[in-house]
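Using the working numbering, you'd call the opening residue of the sequence shown number 55 and step up by one each time. Written below as structure tokens is the structure these notes are about.
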Amino acid sequence: MTQTQTYQHWRLERDGDDIAWLHFSRNDSSANTLSSEALSELDNLLTDLSKQIPKGVVILSAKKSGFIAGADVKEFSSMKTIEDAAEFVRHGQAVFDRLENMDCPTVALISGYCLGGGLELALACRYRIAEDDPKTKLGLPEVLLGIHPGFGGTVRLPPLIGAPAAMNLMLTGHAISARAAKKIGLIDYAVPQRQLLEAARRTMLNPPAPHKPKRWQALSNHRLVRPWLARVFRKKVAAKAPQDHYPAPYAIIDLWQKYADTPGRMLREERASEARLVTDETAQNLIRVFFLQERMKTLGNKALIDPKHIHVIGGGVMGGDIAIWCALRGFNVTIQDHKHETIAGVLKRAHRLYKKKLKLPRLVTAAMDRLIPDVTGSIGLARADVIIEAIFEDIDAKRTLFKEIESVIKPDALLATNTSSIPIEDLASVLSKPERLVGLHFFNPVAKMQLVEIVHGPNTDKQIVEKASAFTRHIDRLPVPVKSTPGFLVNRILMPYLMEAVILESEGVPASTIDKVALKFGMPMGPIELADTVGLDICLHVAENLAAAYHVDVPERLRQLVNAGNLGRKSGNGFYRYNKKNGKKKQNKSTSTNVSNDEISNRMILRMLNEAVACLREHVVEDDNLLDAGVIFGTGFAPFRGGPMNYIEKENKSVLNEKLSALSDKYGDRFSPDAGWSE
Ligand code: NAI
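What follows is the structure, given as structure tokens:
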């Protein structure tokens, strides 16, 4: 007979075979996260169970959304002292130690996400069984928040699966599928959903020997191998995340290198290291970015739109990629372009991406089937729920198109343009219902850039803006509503920074020095290489558009390069030269400059900050948090600095303002502090 006891966040069922089933469901949240309260309750439950030990303990989720998403990040942001943080971590470690030391077999039964503290809990169980389904994801994403696993994860993972696989999970934060987890030994079984409970029951009644790593996996943790492997890991991390900006991955490697032979000591050191990191500025800023992202998600209420069919017009760089992405996310998509060969190119690109992302041939075929060529629009236009225009950036061509299609499309279809520079109102005025047009400004490359600017003109219907935001959530992108002003938000803030880099280069500062300085600040790519990658013709077009609106000069050097056909990476020549075959950058001959790195950095970054202040003053976005979010997700602005407005606040507004004034005295008006600095 089954006995059931219900707690606040847990439900304990003890069945006829004397197996204890611990169902977790946080009662105050839709996602299962491990709050201090939920952890304490688990602790009490385990203590009670150990007084009358069952045949086995199975931990599973009672929520459909997944197993456990991790520790409760909200609690991290409230930790101000190292002592508070250490106490929080100690508590979690103690609960998982108790779980690990239960006098009976224990199993984590995983369905859906199993991340961070959730995976650490699973690691403290003797067995792990996961549903073999694409929605199952196992990972340790802590480094993305500037911290590392703190509930014993750094201690338990390397001995289980060997250092290379363990480091790969902990240092990248990437989540893996159940099958991949089975392959590396992270889980014991990957089974279909219908067999999950039975697999757990059988494991409890007939417990097999716990998983042992392969010999080479075990050897990778040997004290003689560790110093050598640690060097390899550090080098790999350094290529992506400098230690000054992102200390967490280096701390993981240090812990393992120094203490992997003494688990007890390692656990204490893990706690001390985690407490230091979580209270450090990097982690606090990255946690802030996490919440900004959560806020952006809430801007799109999926219930507002049910997009079954999406129609994209223009199959070039952007339209093609938008269509490909929407079909990847499970929607039926028609792609219209008057050039057959362009559509053929889209299908080729789609196949490449789907193979990489979906892997299984049947899933690739299904995604390809969802992407339907539609040269004239006769299939999709009339039936689509969302129509996205992405033809040439030409106002007359776009206006003609909108006039033509308005009477064909469904009256309630969401009608959007991907224009990067034309005011929405200038396009909307040809429609009989101008209020229905909205901008869905995607960024290139669509598959990588999460942000979509939802551009609204003075007459755009508010509900349409909300619907457009909701649509971006359906395709797993992040919306930020912006006013239809030249450059919108992201390009307007990015462009002064890029142009200052071009001016520096034309003054003789080597491109590589400029890029290095920007990387040091924390930008993901140097501005000169970024300009080459975006395409110098596109940069020139955006810069000219902004120059006309804001009365700034476009550097002559940029015009010269474009006129000479040097368009950047795509033409093999730009500020840098590129290998025609693999697109790799060749190093320019080294030259020197007498402009200091500080000056280079200030000139580029302060122009960007000045523009951010102007955007806020003009209410291009609703508030400073959304501005930070937009700039981080749209440009990659140093996430560990928490966004431009957060950086201004932390660095001291008046100091930065003075620096701008000094640059303005030296170089002219382009550095004049915006009126917003004194608001
Ligand atoms: P593109 O030149 O690569 O592609 C435009 C495509 O539209 C071409 O394949 C062309 O055949 C097709 N086309 C033109 N007129 C058409 C019509 N009447 N009916 C059907 N197809 C037509 O252009 P790209 O770069 O994809 O840009 C498209 C839009 O996206 C522009 O408004 C641009 O400002 C915007 N955008 C571009 C970004 C970029 O990085 N390239 C970034 C964000 C927005």
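For every residue, glycine included, the Cβ atom is placed at its ideal position computed from N, Cα and C.
Original post:
Closer than 7 Å: is that where the CB of residue 472 sits relative to any heavy atom of the ligand NAI?
Top reply: yes
**OP:** Report the residue from 565, 518 and 599 whose alpha carbon sits nearest the alpha carbon of residue 584.
**Re:** 565
Original post:
Exposed or buried, what is residue 270 when buried is set at 16 or more other beta-carbons lying within 10 Å of its beta-carbon?
Top reply: exposed
Original post:
Among all the DSSP beta bridges, which residues are the ones paired with residue 363?
Top reply: 386
Original post:
So is the beta-carbon of residue 599 under 7 Å away from any non-hydrogen atom of the ligand NAI?
Top reply: no
Original post:
For residue 120, which three-state DSSP category applies?
Top reply: strand
Original post:
Where residue 275 and residue 217 are concerned, what is the direct C-alpha to C-alpha distance, given to the nearest angstrom?
Top reply: 6 Å
Original post:
Nearest-angstrom Cα distance between residue 372 and residue 443?
Top reply: 10 Å
**OP:** Could I get the ranges of all uninterrupted alpha helix (DSSP H) runs contained in the segment 222–279, with 4 residues as the minimum, in chain order?
**Re:** 232–238, 250–259 and 269–273
Original post:
Can we count residue 455 as close to the ligand NAI, meaning its CB is less than 7 Å from some heavy atom?
Top reply: yes
**OP:** Give the range of the alpha helix (DSSP H) segment to which residue 104 is assigned.
**Re:** 90–105
Original post:
With a CB to CB cut of under 6 Å and the five nearest residues on each side skipped, what residues in its chain are close to residue 97?
Top reply: 149
Original post:
What runs of the alpha helix (DSSP H), each 4 residues or longer, lie entirely inside the segment 127–205?
Top reply: 127–131, 136–154 and 171–178
Subject >> Pairwise C-alpha distance: residue 715 and residue 191 >> reply: 51 Å
**OP:** Kindly identify the DSSP beta-bridge partner or partners of residue 508.
**Re:** 494 and 535
Original post:
If you draw a straight line from the C-alpha of residue 395 to the C-alpha of residue 409, how long is it?
Top reply: 21 Å
Subject >> As assigned by DSSP and simplified to three states, the class of residue 695 >> reply: helix
**OP:** Can you grab the Cα-Cα spacing for the pair residue 245 / residue 161, in whole Å?
**Re:** 14 Å
**OP:** Compare the Cα-Cα distances from residue 480 to each of 511, 313 and 91 and report the closest residue.
**Re:** 511
Original post:
With distances taken from CA atoms, which of 351, 119 and 103 is nearest residue 84?
Top reply: 119
**OP:** Would you list, in sequence order, the uninterrupted beta strand (DSSP E) runs of no fewer than 3 residues that lie entirely inside the segment 449–474?
**Re:** 468–471
**OP:** Pull up the distance between the alpha-carbon of residue 718 and that of residue 341, whole angstroms please.
**Re:** 35 Å
Original post:
Regarding residue 504 and the ligand NAI, is the C-beta to nearest heavy atom distance less than 7 Å?
Top reply: no
Original post:
What residue range is occupied by the uninterrupted alpha helix (DSSP H) comprising residue 649?
Top reply: First-last for residue 649: undefined, no H or E at that position.
**OP:** Could you tell me the distance, in whole angstroms, from the CA atom of residue 293 to the CA atom of residue 517?
**Re:** 45 Å
Subject >> Inside the segment 381–427 only - beta strand (DSSP E) runs reaching at least 3 residues >> reply: 386–390 and 425–427
**OP:** Mind listing, in chain order, the continuous alpha helix (DSSP H) runs of no fewer than 4 residues lying wholly within the segment 653–728?
**Re:** 678–689, 698–705 and 707–721
Subject >> First through last residue of the beta strand (DSSP E) which encompasses residue 556 >> reply: No beta strand (DSSP E) contains residue 556, which is instead part of the alpha helix (DSSP H) from 544–560.
Subject >> Inter-stretch contact at 8 Å, needing at least 3 Cβ pairs: the segment 276–286 / the segment 197–216 >> reply: no
Subject >> 7 Å CB neighbourhood of residue 685 in its chain, flanking five on each side removed >> reply: 544, 547, 666, 691, 697 and 698
Original post:
What distance in whole Å lies between the Cβ atoms of residue 611 and residue 661, which are believed to be in contact at a cut-off of 8 Å?
Top reply: Wrong, their Cβ atoms sit about 16 Å apart, outside the cutoff.
**OP:** Look at the alpha carbon of residue 267 and the alpha carbon of residue 243, and state the distance between them as a whole number of angstroms.
**Re:** 15 Å
Original post:
Rounded to a whole number of angstroms, what is the C-alpha to C-alpha distance between residue 679 and residue 347?
Top reply: 10 Å
Subject >> Between the CA atoms of residue 621 and residue 628 - distance to the nearest angstrom >> reply: 5 Å
**OP:** Classify residue 538 as buried or exposed, calling it buried when 16 or more other Cβ atoms lie within 10 Å of its own Cβ.
**Re:** buried
Original post:
Are residue 264 and residue 182 closer than 8 Å when you measure CB to CB?
Top reply: no
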